[in-house]
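Numbering (this note's numbering), first residue to last: 1363 to 2038.
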């Protein structure tokens, strides 16, 4: 027997790559994972397999463990098996391991109950122990190296995790846009991720119970964990991040196994060296792309139809207050009339997008809408010292201002002027005067020694400053853009404070803040061709991509299931607001551009899906709502029952950005000569 085990181990070592390998101990038959010869991941000391046999105080108790008793080789699979005695019966357990590539091992765990009666209130588990103290974790869409920036604002409304002993962060499989959890061990120069194949659980008491995944920290190690349902975060067991400002109780997440019941779970263990702090999260994103291959753009509505329908709806938002005051309404005009730049209004966006798409749309009304809308927006008052300007007009007064919206408004003006100089159809004098005032003030403010932005929101100024530096041959604008870019790189590349503050209805890490930095860095690269900006752009892009759903989440009966909704390509909003939305269409063209710069066709293919998938649920009027509930989370409607949130759809919040971003992104694809 011993010689057989040693021969199997020899096969493993030959097949495994040099820098990251799976090893089976010849005496205990326990698996472990090493990077560059140093063991990093082991099984818990109690055993490889664990079953909780009781449910008390909203959590698992009565653990029973077992270790392998047999090992065999079947082709490229190494198989470990054993059994554990529970309540007079036997649980047959089995693991199968296969090396996929350097650093990635596929695993399939099987639990089979062979007892004389139903085993009640049990939980099955997967647990891997990673050595290290206070390691930072990355949970796509949920936790970004602890959510340190959001925690400074309010640590009660978002998940917070710092790797301290006793902390845990465990979430439902369907909450993960990309189903993996990562731990970064800076001291040992490595990181690890556990990927899961998400699934529901047979035998569950709840009607829509899924496996869960996360981490649990101790003094000198942290465990990756997968359970048959239990979740919790911020020191609270059996709670779901179900509401914008508070969790909801989510308990009784155990299962009953009748005799003969088999439950299996597939997952992957990935271990790899890292070169710098704050980079451990990047590799598993691309591993997940290779696993799920979310590239079938042709499954969704074609590009031209999307453009036609979004333009048709945009015309329905055209309002006229009289005289010069015309433009695109942020709201349904029958409910409220307000022309708003940036954020949810995006009134300046069609002034650029429709110029570029005019030939496709073939509507003579476009020229008048572009000219008149941007002329009117040019009247919005600008504070020439700061570059800030009013953003909203309600028919009687201008009001409101914020960095996110000012930066986005300036970007659309800069793109509109650039397009108009090419097609020579528009009088841009008013537009240029407005943009100059804003850029002069913003450059002055940013270049001031006392400039210290609160969040990543001011990164939205970089792209318009870069474009304006070319339009107006102004070196001060570029200098301000360089200063801002360097500040945000210094703040965020190590992920000791992730990109945040890019949306106005959350106070934490968010994809919009990541997009602000991504947009800034890629524009700086295209202007200067300096490699550092491309590297920074990839880092920020990868954070953006972590919010992108790479799999089709099965949904319960509800508004989404009514249309056989497919979630691939949609984006989670933030750790605070856990629904998905269409925002990813806005940075899809930049993902494509990065794919060309990095020679990675996966990014080009993904960008096309990101754009086209988000047209789903557009109704006969051309309207779409903003909030889709792919997980146990809601912000509108009846939110009293946590078990009825998933699968819902808030279709009444139809602010104009949902339409404008499709047209804006389409124009940028068009400028590249790409039809996604």
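Beta carbons are placed, not taken as given, at the ideal position from N, Cα and C, and that holds for glycine.
For a test of the three-state rule: what should DSSP assign to residue i, helix, strand or coil?
i, result
"residue 1469", "strand"
"residue 2033", "helix"
"residue 1304", "Here the chain covers residues 1363 to 2038 and nothing more, so residue 1304 does not appear."
"residue 1379", "Because the pLDDT at residue 1379 is just 40, under 50, the model does not fix this residue reliably, and the value given afterwards should be weighed accordingly. Correct three-state label for residue 1379: coil."
"residue 2024", "helix"
"residue 1818", "helix"
"residue 1320", "With the chain covering only 1363 through 2038, there is no way to say anything about residue 1320."
"residue 1596", "coil"
"residue 1367", "For residue 1367, the predicted structure reports a pLDDT of 38, less than 50, and the residue's modelled location is therefore unreliable. A value from the coordinates is still provided. Residue 1367: helix per DSSP, three-state reduction."
"residue 1449", "coil"
"residue 1372", "In this predicted model, residue 1372 has a pLDDT of only 36, less than 50, meaning its place in the structure is not dependable enough to derive any value."
"residue 1652", "helix"
"residue 1432", "strand"
"residue 1662", "coil"
"residue 1572", "strand"
"residue 1754", "strand"
"residue 1874", "helix"
"residue 1884", "helix"
"residue 1759", "coil"
"residue 1682", "strand"
"residue 1396", "strand"
"residue 1879", "helix"
"residue 1702", "strand"
"residue 2004", "helix"
Would you mind sorting residue i into buried or exposed? The rule is 16 or more other CB atoms within 10 Å of its CB.
i, result
"residue 1565", "buried"
"residue 1697", "exposed"
"residue 1597", "exposed"
"residue 1558", "buried"
"residue 1609", "buried"
"residue 1770", "buried"
"residue 2065", "The first residue shown for the chain is 1363 and the last is 2038, placing residue 2065 beyond what the model contains."
"residue 1843", "buried"
"residue 1502", "buried"
"residue 1967", "buried"
"residue 1886", "buried"
"residue 1925", "exposed"
"residue 1805", "buried"
"residue 1791", "exposed"
"residue 2014", "exposed"
"residue 1612", "buried"
With respect to the alpha helix (DSSP H) encompassing residue i, which residues constitute its N-terminal and C-terminal limits?
i, result
"residue 2018", "Counting along the chain, residue 2018 falls outside any alpha helix (DSSP H), and DSSP gives it neither H nor E."
"residue 1847", "1837–1854"
"residue 1795", "1791–1809"
"residue 1718", "1711–1723"
"residue 1739", "1727–1739"
"residue 1772", "1765–1785"
"residue 1668", "1665–1678"
"residue 1513", "1510–1516"
Please determine whether the Cβ atom of residue i lies at a distance below 7 Å from any heavy atom of the ligand MN.
i, result
"residue 1640", "Ligands are entirely absent from the displayed structure, and the ligand MN is therefore not among its contents."
So what does residue i bridge to, in DSSP terms?
i, result
"residue 1413", "1426 and 1486"
"residue 1456", "1443 and 1472"
"residue 1552", "1547 and 1635"
"residue 1492", "1403 and 1584"
"residue 1481", "1619"
"residue 1602", "1610"
"residue 1418", "1421"
"residue 1579", "1584"
"residue 1559", "In the DSSP output, where bridge partners are listed per residue, residue 1559 has none listed."
Between which two residues does the beta strand (DSSP E) containing residue i stretch?
i, result
"residue 1834", "Neither: residue 1834 is in no beta strand (DSSP E) and is coded neither H nor E."
"residue 1687", "1687–1690"
"residue 1499", "1498–1501"
"residue 1532", "1530–1534"
(request) Ignoring anything shorter than 4 residues or poking outside the region 1941–1997, list the alpha helix (DSSP H) runs there in chain order. (result) The DSSP assignment places 1946–1959 and 1963–1975 as complete runs of the alpha helix (DSSP H) inside the region 1941–1997, in order along the chain (cut-off: 4 residues).
(message) Restricting to runs no shorter than 3 residues, where is the beta strand (DSSP E) found entirely within the region 1605–1650?
(response) 1617–1619 and 1624–1635
(request) Note down, one range per segment and in chain order, each alpha helix (DSSP H) of at least 4 residues found wholly within the region 1888–1936. (result) 1893–1907
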